[in-house]
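Peer 1:
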């Protein structure tokens, strides 16, 4: 349920039950990630299937990438499900602090990617990238993330906590991704 909850349990149910009086669209608007649900295809059930297919593909890509870095299966599954569902369930006391820098970058990218409105990915899928990047929500999301990473990296760069630019930017990007998506993973002790 942790993974399914990321897309919305009700959206999952929409794929299974028949529609009555257009009630599917109301449920879809309430449960889909992002503030706006576009009717991509004539039937809401088909839209839900498309969105879950994108969600599944992104999940599988993250799992494969984490496994390719040497992460254990169990860790890769739990971290990916926590990332996709933005639930942040970590299996280690240090959350993601014990993982390698490459693994932390992968988790960071996918936290941010799973936080995007899935209409964006659908538009990319049907080869309408101009429309996808015209979405104000996505543009502001990216701008806010980049600004926050820059400000935090600049703020902590002189503290001596991190050694080098890459580590400073990685720590900043990870925390920004975790906070903006409410995933709740961490790599740093806040105390």
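Residue numbers (my numbering): 1062 to 1252. Glycine included, every Cβ here is placed at the ideal spot set by N, Cα and C.
#1: If you follow the alpha helix (DSSP H) that residue 1208 is in, where does it begin and where does it stop?
#2: Count the other CB atoms within 10 Å of the CB of residue 1243; is the residue buried (16 or more) or exposed (fewer)?
#3: Within its chain, find whatever has a CB closer than 6 Å to the CB of residue 1171; leave out the 5 residues flanking it on each side and keep chain order.
#4: Can you say whether residue 1202 is buried or exposed, counting buried as having 16 or more other CB atoms within 10 angstroms of its CB?
#5: Keeping to the same chain, check which residues put their C-beta closer than 6 Å to that of residue 1185; ignore five residues upstream and five downstream.
#6: For residue 1231, does the count of other Cβ atoms within 10 angstroms reach 16, so buried, or fall short, so exposed?
#7: Hey, how far is the Cα of residue 1115 from the Cα of residue 1182?
#8: Can you tell me where the alpha helix (DSSP H) with residue 1160 in it begins and where it stops?
#9: Would you please state the rounded distance, in angstroms, between the beta carbons of residue 1176 and residue 1245? I believe it to be under 8 Å.
#10: For residue 1156, collect the residues of the same chain with a Cβ closer than 6 Å to its Cβ; drop the 5 residues on either side in sequence, then sort them by chain order.
#11: Measure the C-alpha to C-alpha separation of residue 1237 and residue 1164 and round it to an integer number of angstroms.
#12: Tell me, to the nearest whole angstrom, how far the beta carbon of residue 1167 is from that of residue 1128; I am working on the premise that it is less than 8 Å.
#13: At the level of alpha carbons, what is the spacing between residue 1151 and residue 1241?
#14: Going by DSSP in three states, residue 1194 sits in which element: helix, strand or coil?
#15: Going by C-alpha distance, which of 1208, 1180, 1205, 1221 is nearest residue 1195?
Peer 2: In short:
#1: Within the chain shown, residue 1208 is the residue found at index 147, counting from 1. Looking at the DSSP string, the run of the alpha helix (DSSP H) that includes residue 1208 is 1197 to 1217.
#2: Here the question's residue 1243 lines up with position 182 in the chain shown. The residue is exposed, with fewer than 16 neighbouring Cβ atoms inside 10 Å.
#3: Numbered from 1 along the chain shown, position 110 holds the residue referred to as residue 1171. Here the set comprises 1123, 1144.
#4: Counting from 1 along the chain shown, the entry for residue 1202 is found at position 141. Its Cβ being crowded by 16 or more others within 10 Å, residue 1202 is buried.
#5: Position 124 of the chain shown, counted from the first residue, corresponds to residue 1185. Excluding sequence neighbours, residue 1185 sits near 1193.
#6: Working through the chain shown from its first residue, we reach residue 1231 at position 170. Residue 1231 is buried by the Cβ-count criterion.
#7: The residue labelled residue 1115 in the question sits at position 54 within the chain shown. The residue labelled residue 1182 in the question sits at position 121 within the chain shown. When rounded, the distance between both Cα atoms is 7 Å.
#8: As a first step, residue 1160 is located in the chain shown; it is residue number 99 there, counting from the start. First-last for residue 1160: undefined, no H or E at that position.
#9: Against the chain shown, residue 1176 aligns to sequence position 115. Against the chain shown, residue 1245 aligns to sequence position 184. Actually they are not in contact, since the Cβ atoms of residue 1176 and residue 1245 sit about 12 Å apart, beyond 8 Å.
#10: For the purposes of this step, residue 1156 is taken as residue 95 along the chain shown, with counting starting at 1. Answer for residue 1156: 1246, 1247, listed in chain order.
#11: Taking the chain shown and counting its residues from 1, one reaches residue 1237 at position 176. Taking the chain shown and counting its residues from 1, one reaches residue 1164 at position 103. In a straight line, the C-alpha of residue 1237 is about 16 Å away from that of residue 1164.
#12: Within the chain shown, numbered from 1, the residue matching residue 1167 stands at position 106. Within the chain shown, numbered from 1, the residue matching residue 1128 stands at position 67. The pair is not a contact, with the Cβ atoms about 10 Å apart (cut-off 8 Å).
#13: As a working mapping, residue 1151 is identified with position 90 in the chain shown. As a working mapping, residue 1241 is identified with position 180 in the chain shown. Computed Cα separation, rounded: 17 Å.
#14: For the purposes of this step, residue 1194 is taken as residue 133 along the chain shown, with counting starting at 1. Helix, per DSSP.
#15: Indexing the chain shown from 1 puts residue 1195 at position 134. Minimum Cα distance to residue 1195 is reached at 1180.
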